[in-house]
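Novice: The sequence shown: position 104 = 103 (numbering that gives the first Met the number 0), numbered continuously.
Heads up, the beta-carbon is just placed ideally off N, CA and C, and yes, glycines get one too.
Below you'll find the structure I mean.
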Amino acid sequence: MASKLEVTIETAVLVCVNEDEAEDQLVEDELIGLCEAAGVEPLTTIRQRLDRPFKGTYVGTGKVEEITVLAQDLSADIVLIDGEVSGMQQRNLEEAFGRRVVDRTQLILDIFARRARTKEGMLQVELAQLTYMMPKLMSVYTKFERQKGGIGMRGPGETKLETDKRMVRDRISKLKGDIEDVKRVRDQQRTSRRKHPFPFASIVGYTSAGKSTLMNRMSGTDLLADAMPFATLDPTTRKIDLPDGYALFLTDTVGFIRNLPTHLVAAFQSTLEEVTFSDFIIHLVDISHPNWEAQCDAVAETLKRLKADDKPAITVFNKIDMISDPSVRRELVAEFPNSVAISATTGEGMNDLMNAIRRQVQDLLGFVKALIPYDKSHLLQDCYNFGRVHKEEYREGGIYVEAELVSEMRHLLENYAI
Ligand SMILES: Nc1nc2c(ncn2[C@@H]2O[C@H](COP(=O)(O)OP(=O)(O)OP(=O)(O)O)[C@@H](O)[C@H]2O)c(=O)[nH]1
Ligand SMILES: [Mg+2]
């Protein structure tokens, strides 16, 4: 890991474009949080209220001038735009500002690049970066061609563009191949876990909601939990024992954010599959955050993009230690179906959460009565290992069991069911 001293800090003028005045501070705070995580030092923030960005320069002409002067006065290294900027807009703005322009997607990709530790993480980040940069690259070249275009110049320009395009494309397809290999390993792991018929659940939530803190509390892991956004990149799965002999596999994974870049979701498909393959979802909400409702919406939106929005979900209001008024949590829990309130830090409410999860697991289990032939008696052991056995009797035709089992295990007993 690079030491703090080696990290170069770039200074930035931040540009926030949003419609709703009430959200100004929250939008700015979130961008500042992302800056900290990316090693960017914010100097000042400029705002423009727009319902949609200008086509050519993202912000209006007046704003472009204002930013140019300010960036010059403050000797900012970069101008950071809180949105997705097209290649053409980026080029126009860089020309006007006389300095580099970085957009929100690039900033988030940069944080992911810093956080990536595993091979899978690094491959996914590089793929996301290249697919995001590709069209911008094209736009830069297009301009180059236009400038140098004309008799005698077109050939070399095009050749260089073609070569570079091919190089990026080759690298993208190589990355996709490598990710496919890593994905195969992950699929195998998942299949082998599926042989243990415990249900699967994922903790999802807005970044910094406390997912890793909760995972650490529930499973005794020592995952990095940090106030900075995107502390977690790679998913971790652990078996969790529940009250009354139930159990499940629980995954802590990457956090969501509003306007999560599309390229990131696409490149992180194999990581996010942990969510897609879950039997149910534990949606963790940071109730101490002033914008928690909008954060919930952003999570719901992302789950929809992952086609995981129809899964059963438990809503878990976290950080209740920060809420002094106990009536607030009572009202919330009453208002939201299948919800509990906890503090992952102090452990308050953990019994309620464990019971809610147990109920969810119970819902996934089915009651089975079967007569297992004596030569298949290992199946009885499986029932004990992977479910809940209520009755066991040694009869003439075999072992009679009554048990609660997940569907995979019920399937194994199908032939002997009574
Ligand atoms: N007061 C309080 N702080 C909490 C609680 N749970 C988590 N935190 C803090 O919130 C911050 C984020 O916690 P994490 O567990 O890293 O959150 P995460 O959801 O895993 O975040 P990412 O992996 O970055 O998406 C840390 O500083 C935690 O100490 C809680 O119940 N109460
Ligand atoms: Mg985390």
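Pick from I398, L271 and T212: whose alpha carbon is nearest that of L283?
Specialist: Per the Cα distances, T212.
Novice: Give me whichever residues DSSP pairs with Y205 in a beta bridge.
Specialist: According to DSSP, which records beta bridges pairwise, Y205 is partnered with F255.
Novice: Taking only three categories from DSSP, how would you classify Y57?
Specialist: Strand at Y57.
Novice: Can S342 be considered in contact with ligand 1, in the sense that its beta carbon sits closer than 6 Å to one or more heavy atoms?
Specialist: Yes, ligand 1 has a heavy atom inside 6 Å of this Cβ.
Novice: So I110 is in the alpha helix (DSSP H); what residue range does that whole segment cover?
Specialist: R103 to R114 is the span of the alpha helix (DSSP H), which, as asked, contains I110.
Novice: Decide if the stretch 386–403 is in contact with the stretch 334–353; the criterion is three or more beta carbon pairs, one per stretch, under 8 Å apart.
Specialist: The stretch 386–403 is not in contact with the stretch 334–353.
Novice: At which residues does the beta strand (DSSP E) containing T235 begin and terminate?
Specialist: T235 -> beta strand (DSSP E) spans T235 to D240.
Novice: In angstroms with no decimal places, state the Cα-to-Cα distance between T301 and E401.
Specialist: Between T301 and E401, the C-alpha separation is close to 40 Å.
Novice: Using three-state DSSP, classify L42 as helix, strand or coil.
Specialist: Correct three-state label for L42: strand.
Novice: Could you check the C-alpha separation between G120 and L232 for me, to the nearest Å?
Specialist: Their Cα atoms are separated by approximately 7 Å.
Novice: In the DSSP assignment, what residue or residues form a beta bridge with S338?
Specialist: BP columns for S338 point to T314.
Novice: Is the CB-CB distance between S201 and T261 below 7 Å?
Specialist: Cβ distance not < 7 Å, so S201 and T261 don't count as in contact.
Novice: Measuring only the C-alpha atoms, how far is G244 from L122?
Specialist: Distance between the alpha carbons of G244 and L122 is about 39 Å.
Novice: Residues around ligand 2, please: the condition is that the C-beta lies closer than 5 Å to some non-hydrogen atom of it.
Specialist: Selection output, chain order preserved: K210, S211, A230 and T231.
Novice: Can you round the beta-carbon distance between L69 and E18 to whole angstroms, since I take them to be within the 8 Å contact cut?
Specialist: Actually they are not in contact, since the Cβ atoms of L69 and E18 sit about 23 Å apart, beyond 8 Å.
Novice: Examine ligand 1 and report whether any of its heavy atoms sits within less than 6 Å of the Cβ of S207.
Specialist: Yes, the Cβ of S207 comes within 6 Å of a heavy atom of ligand 1.
Novice: Assign S338 to buried or exposed, taking buried as 16 or more other Cβ atoms, counted over all protein chains shown, within 10 Å of its Cβ.
Specialist: So S338 ends up on the buried side.
Novice: Assign R145 to one of two classes, buried (16 or more other C-beta atoms within 10 Å of its C-beta) or exposed (fewer than that).
Specialist: Bear in mind that the predicted position of R145 carries a pLDDT of just 47, short of 50, making it unreliable; the figure below should be weighed with that in mind. It is exposed - the Cβ of R145 has fewer than 16 other Cβ atoms within 10 Å.
Novice: From the DSSP output, in three-state form, read off E9 for me.
Specialist: Three-state result, E9: strand.
Novice: Return yes when the C-beta of D225 is under 6 Å from any heavy atom of ligand 1, and no when it is not.
Specialist: Yes, the Cβ of D225 comes within 6 Å of a heavy atom of ligand 1.
Novice: For a test of the three-state rule: what should DSSP assign to R409, helix, strand or coil?
Specialist: Helix.
Novice: Which of helix, strand or coil does DSSP assign to A343?
Specialist: Coil at A343, not helix or strand.
Novice: Between the stretch 48–65 and the stretch 312–324, are three or more C-beta pairs nearer than 8 Å?
Specialist: Flag = no, the stretch 48–65 and the stretch 312–324 do not touch.
Novice: Consider the C-beta atom of M321 and the heavy atoms of ligand 1; say whether any pair is separated by less than 6 Å.
Specialist: Yes, the Cβ of M321 comes within 6 Å of a heavy atom of ligand 1.
Novice: With three or more C-beta pairs closer than 8 Å as the rule, is the stretch 355–366 touching the stretch 402–413?
Specialist: Cβ pair count under 8 Å is three or more, so yes.
Novice: Which term fits G254, buried or exposed, when burial requires 16 or more other beta carbons within 10 angstroms of its beta carbon?
Specialist: It counts as buried.
Novice: Kindly give me the distance between the Cβ atoms of L106 and L79, rounded to whole angstroms, as I take these residues to be in contact under 8 Å.
Specialist: That belief holds up - the Cβ atoms of L106 and L79 are roughly 6 Å apart, short of 8 Å.
Novice: With 16 as the cutoff for other CB atoms within 10 Å, does E125 come out buried or exposed?
Specialist: Buried, by the Cβ-count rule.
Novice: Relative to the C-alpha of V84, which residue among E40, K173, T44 and V16 is closest?
Specialist: For V84, the nearest C-alpha among the options comes from V16.
Novice: For G254, verify whether its CB is less than 6 Å away from any heavy atom of ligand 1.
Specialist: True, at least one ligand heavy atom lies under 6 Å from that Cβ.
Novice: Could you tell me which whole alpha helix (DSSP H) segments of length 4 or greater appear in the stretch 57–101?
Specialist: Runs found: 60–72 and 86–96.
Novice: Throw me the rounded Cβ distance for the P228 and L33 pair, which I believe falls under 8 Å.
Specialist: So it is a contact: roughly 6 Å between Cβ atoms.
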